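These notes concern the structure reproduced below.
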Amino acid sequence: MIVSWEWLGQYVALEMPLEDLTTRLTMSGLNLEGTDTVDSDTAIDLEVTSNRPDCLGHLGVAREVSVLYDLPLKSPDPQPPCTTPRVSETASVEITCPELCPRYTARLIRGVTVGPSPDLARSATCHPRHRFDQQHRRHHQLRADGDRPTAACLRF
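So the number in our numbering is just where the residue sits in the sequence shown, counting from 1, plus 25.
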């Protein structure tokens, strides 16, 4: 996992030297593979082992730094503007397996082309993002069920 020093700093105050941070991260189970300067930023390459999936994104590593240094975590609180019309007026979401999908949120965004998301979106939150082209959905309905693997459990 390559972590940006500047990006990490958006979540936690990085007042410690880089060497001290990487030593503590290594002691917590995130082995340092190396560091590199990229433009004005520092890239920290960490080996994230199978027992630390919580650190597969910048926010997860920031949580670890927050605990290691007893620092407050600045959690992201995105507040995108309300869209018109409301999603509930143009589409519906049905959750048939609440034990596997207790919550599903949707947002209508116009004027963009649906395509592959950059790794940046997943790296920030440790979660994949799914996008759907409303023009290609039958009946403007999303159905979350447990019949198929998670990546394919949304039916149109």
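Using N, Cα and C, we set each Cβ at its ideal position, and we do this for glycine too.
Quick caveat, the model's predicted, so the values are computed rather than measured.
*Terminal residues of the continuous alpha helix (DSSP H) containing Glu89?*
Its alpha helix (DSSP H) spans residues 83-94.
*Helix or strand or just coil, what does DSSP make of Ala176?*
Here Ala176 scores only 44 on pLDDT, less than 50, and its place in the model should not be relied on; the value that follows carries that caveat. Three-state result, Ala176: helix.
*In whole angstroms, what separates the C-alpha of Glu40 from that of Pro110?*
Their backbone Cα atoms lie some 45 Å apart in a straight line.
*From Val112 to Ser100, what does the alpha carbon distance come to, in whole angstroms?*
Spanning the alpha carbons of Val112 and Ser100 requires a straight line of approximately 26 Å.
*Out of Thr51, Glu31, Asp70, point me to the one whose CA is closest to Glu89's CA.*
Checking every option, the nearest Cα to that of Glu89 belongs to Thr51.
*Helix, strand or coil for Val73 per DSSP?*
Secondary structure of Val73 (DSSP, three-state): strand.
*asked:* Whole angstroms are fine: how far does the CA of Glu44 sit from the CA of Cys80?
replied: One alpha carbon belongs to Cys80, the other to Glu44, and they sit about 19 Å apart.
*asked:* Beta-carbon within less than 8 Å of Leu98's beta-carbon, same chain only, minus the 5 sequence neighbours each way: which residues are those?
replied: Non-local C-beta neighbours of Leu98 in its own chain, meaning closer than 8 Å and more than five positions away in sequence, comprise Tyr36, Val37, Ala87, Arg88, Ser91, ordered along the chain.
*Below 8 Å on the Cβ atoms is my guess for Ala68 versus Ser117; work out the distance and round it to an integer in Å.*
No, Ala68 and Ser117 are not in contact; Cβ-Cβ is about 43 Å, not under 8 Å.
*Where the beta strand (DSSP E) through Leu55 begins and ends*: Annotation: the continuous beta strand (DSSP E) that includes Leu55 extends over 55-63.
_Backbone CA spacing between Leu57 and Asp70 [nearest angstrom]_ = Leu57 and Asp70: Cα-Cα distance of roughly 6 Å.
*Give me the Cβ distance between Asp66 and Glu31, rounded to the nearest whole Å; I'm assuming they're in contact under 8 Å.*
Sure, about 5 Å apart at Cβ, within 8 Å.
*For Leu125, is the classification buried or exposed, using 16 other Cβ atoms within 10 angstroms of its Cβ as the cut-off for buried?*
Residue environment: Leu125 is assigned as exposed (fewer than 16 neighbouring CB atoms within 10 Å of its CB, all protein chains considered).
*Through-space distance from Pro105 to Gly82, alpha-carbon basis*: Their backbone Cα atoms lie some 22 Å apart in a straight line.
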